[in-house]
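Below is one structure, written out as structure tokens; comments come after it.
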Amino acid sequence: MNFTASKQPENCLLGPESDSQRTLYPYVTGTSVVALKYKDGILMAADMGGSYGSTLRYKNVERMKPIGKHSLLGASGEISDFQEILRYLDDLILYDNMWDDGNSLGPKEVHNYLTRVMYNRRNKFNPLWNSLVLGGVKKGEKYLGTVSMIGVNFEDNHVATGFGNHLARPILRQDWHENLSFEDGVKLLEKCMRVLLYRDRSAINKLQIAKITEEGVTISQPYSLKTYWEFSAFANPAQGAVGTW
Amino acid sequence: MFRNQYDTDVTTWSPAGRLFQVEYAMEAVKQGSAAIGLRSKTHIVLGCVNKANSELSSHQKKIFKVDDHIGVAIAGLTADGRVLSRYMRNECINYSFTYESPLPVGRLVVQLADKAQVCTQRSWKRPYGVGLLVAGLDESGAHLYYNCPSGNYFEYQAFAIGSRSQAAKTYLERRFESFTDASRDDLVKDALMAIRETLQGETLKSSVCTIAVVGVGEPFHILDQATVQQMIDAFEIVGEQEGPAAAGQEASAEPEPEQGGAAAGEGVAPMDI
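Taken in sequence, the protein lines are chains V and Y.
Counting in numbering that gives the first Met the number 0, the first sequence runs from 0 upward without gaps.
Counting in numbering that gives the first Met the number 0, the second sequence runs from 0 upward without gaps.
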């Protein structure tokens, strides 16, 4: 039997250097993504900010991207992990196209693939630090789902990530209905994004709205929302709230 | 085919550019008992002849469900067929798990063909000795494919493989133009007729054949003996097709009316000997 200590290779997962291999904290992050189903497909909104901790460092980050012919992916959380996910999906769509048969991966398939990826990474204690929103239309069927960094996934008529869950979803629960027109859908999303702009410190006033229908994906040019800061509650925030500052 | 000095290894070419081992593997398919398949726009029917070794034994299973939307009928070395069915089931279930969606049959067939091709290019392997009729659905509708030991695959409207399959093929060639728009029940009847052709005079009974159906809205399943016997009785008595067979769409027993309808009519192919 050999009692001499064996030297581990540098990239091994045992020993003190192993933690540098795993994601422990996010560094450059995006904030909420909000999305809803409307008459012709899905509408999704996200701002263009990339925060570095509490600094709003990057202001031109596209957090929504088209995937294949039928899907649109929006992400919050670590931007580099989002870019990694886009690479995985790029390969996936490439191989799907290479079959060159009449079949193609729809939004449901992409959503489930992402769920598997996120969950498997979570099980290895090396998560992709993102909350994803996947929307699309295929053969007239609208699909909207979300996956979190621990692999929790579900579908719904409207979804949001991060702060959007707390600030936007209640608005959507009240105001969303089946067969919204495009204009009404955009107005509803802007209402949500405005609230997020007022109340989420990582939000910036530069957003994009993306639309996906049977015809394809359109992502708007970046624009800003009109804000009003003269509300009396903003001018005098401590009034009526004992103990606040 | 006679033995020659180029037929020992699958990795040896003959001077005429043939791989004899692969061709011998295709012979094995021809020796197996017959299997047939035919399809319409929305349904595919698979059928096979069951040969039991003796009165005492049961017959070999030659039709396998691969997934709700895919099934396969085999001819040749049934052991090889069983192993390939297990591979197909595995591929389907893995795809379903990852994508929550059924694996398109066209892709499964290519994977199967690539697997067969590997065995024609390794000196330590031998080709699979089984032909597979793969019936399945994908985005573009109903499909029927034939996978050979050579690693080739073809799509068919209708096909037959195994011993005495030529008789069935002749019948199918005569009738195939009507298959695309045929009803599900007509398709099953045509399958039974085709099987009857391969029996060469033997009586067609549900104990000598197996029928399976898959279609849009109908998961792959093997029809039970009673249903098959009813369908045989229905067309054998009359010799022709009858209208109201449109009863059960499911495998559940159709209350087959003994409407001895002297419904003449519908060109039944004269039996080939």
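Using N, Cα and C, we set each Cβ at its ideal position, and we do this for glycine too.
Note to self: Alpha carbons only, please: which of Leu42(V), Phe162(V), Ser53(V) is nearest the one belonging to methionine 63(V)?
What the structure shows: Selected option, being the one with the closest Cα: Leu42(V).
Check: Going along the chain, which residues of the segment 103-117 of chain Y sit with their C-beta nearer than 7 Å to a C-beta in chain V?
Finding: Per Cβ criterion, the list reads Pro103, Gly105, Arg106.
Check: In whole angstroms, what separates the C-alpha of glutamate 265(Y) from that of histidine 220(Y)?
Finding: Legend: pLDDT at glutamate 265(Y) = 47, less than 50; position of this residue unreliable, value from coordinates given subsequently. Approximately 28 Å, taken between the alpha carbons.
Checklist line | Runs of alpha helix (DSSP H) lying entirely within the segment 103-182 of chain V, each at least 4 residues, in chain order | finding: DSSP runs (the alpha helix (DSSP H)) wholly in the segment 103-182 of chain V: 106-122, 162-174.
Notebook entry, point to check: Using a Cβ-Cβ distance under 7 Å, would aspartate 137(Y) count as near chain V?
Noted result: So yes, aspartate 137(Y) belongs to the interface.
Margin query: Just to confirm, is the Cβ distance from isoleucine 62(Y) to threonine 209(Y) under 7 Å?
Written below: Yes.
Check: Should asparagine 3(Y) go down as buried or exposed, given a rule of 16 or more other Cβ atoms within 10 Å for buried?
Finding: With a 10 Å radius around the Cβ and a threshold of 16 neighbouring Cβ atoms, asparagine 3(Y) comes out exposed.
Next item on the list: Classify isoleucine 218(V) as helix, strand or coil using the three-state DSSP reduction.
Entry: Strand, per DSSP.
Margin query: Counting only Cβ-Cβ distances shorter than 9 Å, please list the residues of the segment 174-187 of chain Y near chain V, keeping chain order.
Written below: Under the 9 Å Cβ criterion, the segment 174-187 of chain Y contributes no residue.
Next item on the list: Measure the CB-CB distance between valine 28(Y) and glycine 70(Y) and report whether it falls below 7 Å.
Entry: Taking a C-beta distance under 7 Å as the contact criterion, valine 28(Y) and glycine 70(Y) do not qualify as a contact pair.
Notebook entry, point to check: Does the distance from the CB of proline 103(Y) to the CB of asparagine 102(V) come in under 7 Å?
Noted result: A contact, by the Cβ cut-off of 7 Å.
Notebook entry, point to check: Does the Cβ-Cβ distance between glycine 36(Y) and leucine 143(Y) come in under 7 Å?
Noted result: Taking 7 Å as the Cβ cut-off, glycine 36(Y) and leucine 143(Y) qualify as a contacting pair.
Next item on the list: Label glutamine 82(V) either buried or exposed according to how many other C-beta atoms from any shown protein chain fall within 10 Å of its C-beta, with 16 as the threshold for buried.
Entry: Residue burial annotation: glutamine 82(V) is exposed, with fewer than 16 other C-beta atoms found within 10 angstroms of its C-beta.
Notebook entry, point to check: Quick one: Cα of phenylalanine 234(Y) to Cα of threonine 179(Y), how far?
Noted result: Roughly 21 Å separates the two Cα atoms.
Check: Does the Cβ of histidine 165(V) have 16 or more other Cβ atoms within 10 Å, making it buried, or fewer, making it exposed?
Finding: With fewer than 16 other beta carbons inside 10 angstroms of its own, histidine 165(V) counts as exposed.
Check: Just reading off the alpha helix (DSSP H) that leucine 143(Y) is part of, what are its end residues?
Finding: Per DSSP, leucine 143(Y) lies in no alpha helix (DSSP H) segment; the continuous beta strand (DSSP E) that holds it begins and ends at 140-146.
Item checked: Pair within 7 Å by beta-carbon distance, alanine 33(Y) and serine 149(Y) -> No. Outside cutoff.
Check: In chain order, what residues of the same chain have a beta carbon less than 8 Å from the beta carbon of valine 9(Y), not counting five sequence neighbours either side?
Finding: Only residues of its own chain outside the window of five on either side were considered, and among them Leu18, Gln20, Val21, Cys118, Thr119, Gln120, Arg121, Ser122, Lys124, Arg125, Pro126 have a CB closer than 8 Å to the CB of valine 9(Y), listed in chain order.
Notebook entry, point to check: Looking only at C-alpha atoms, which of Arg193(V), Glu108(V), Lys138(V), Glu214(V) sits nearest to glutamate 205(V)?
Noted result: Going by the sequence as given, residue 205(V) is lysine instead of glutamate. When only C-alpha atoms are compared, the closest one is Arg193(V).
Note to self: Any contact between the segment 225-233 of chain V and the segment 61-80 of chain V? By contact I mean 3 or more CB pairs, one from each, below 8 Å.
What the structure shows: Using a C-beta cut-off of 8 Å, the segment 225-233 of chain V makes no contact with the segment 61-80 of chain V, since fewer than three inter-stretch Cβ pairs fall below that distance.
Notebook entry, point to check: Applying the criterion that 16 or more other CB atoms from any shown protein chain within 10 Å of the CB defines a buried residue, is glutamate 249(Y) buried or exposed?
Noted result: Any answer about glutamate 249(Y) is weak, because its pLDDT of 40 lies below 50 and its placement is not dependable; what the coordinates show is given next. Within 10 angstroms of the beta-carbon of glutamate 249(Y) lie fewer than 16 other beta-carbons, which makes it exposed.
Next item on the list: Could you name the residues of the same chain whose beta carbon sits closer than 6 Å to that of serine 231(V), not counting the 5 residues immediately before and after it, in chain order?
Entry: Nothing listed; no residue qualifies.
Next item on the list: For serine 100(Y), decide whether its Cβ has a neighbour in chain V, counting only Cβ atoms nearer than 7 Å.
Entry: By this cut-off, serine 100(Y) is an interface position.
Next item on the list: Can you give me, in chain order, the residues of the segment 96-113 of chain V that have a beta carbon less than 9 Å from any beta carbon in chain Y?
Entry: So the close ones are Trp98, Asp100, Gly101, Asn102, Ser103, Leu104, Gly105, Lys107, Glu108, Val109, His110, Asn111, Tyr112.
Check: Roughly how many whole angstroms lie between the Cα atoms of glutamate 177(V) and serine 95(Y)?
Finding: Those two C-alpha atoms are separated by around 30 Å.
Margin query: Please classify lysine 36(V) as buried or exposed, where buried requires at least 16 neighbouring CB atoms within 10 angstroms.
Written below: With 16 or more other Cβ atoms within 10 Å, it is buried.
Check: Taking contact to mean at least 3 C-beta pairs separated by less than 8 Å, is the segment 41-55 of chain Y in contact with the segment 130-139 of chain Y?
Finding: The segment 41-55 of chain Y, when compared against the segment 130-139 of chain Y, does touch it at the 8 Å Cβ threshold.
Next item on the list: Could you tell me the distance, in whole angstroms, from the CA atom of proline 126(V) to the CA atom of lysine 210(V)?
Entry: Roughly 29 Å separates the two Cα atoms.
Check: With a Cβ-Cβ cutoff of 7 Å, do glycine 150(V) and methionine 117(V) count as a contact?
Finding: Less than 7 Å divides the Cβ of glycine 150(V) from the Cβ of methionine 117(V).
Item checked: Nearest-angstrom Cβ-Cβ length linking glycine 67(V) and leucine 104(V), presumed shorter than 8 Å -> About 6 Å separates the beta carbons of glycine 67(V) and leucine 104(V), which is inside the 8 Å limit, making them a contact pair.
Note to self: 7 Å is my cut-off, CB to CB: does arginine 115(V) come that close to chain Y?
What the structure shows: Interface flag for arginine 115(V) against chain Y is set, since a Cβ pair is found closer than 7 Å.
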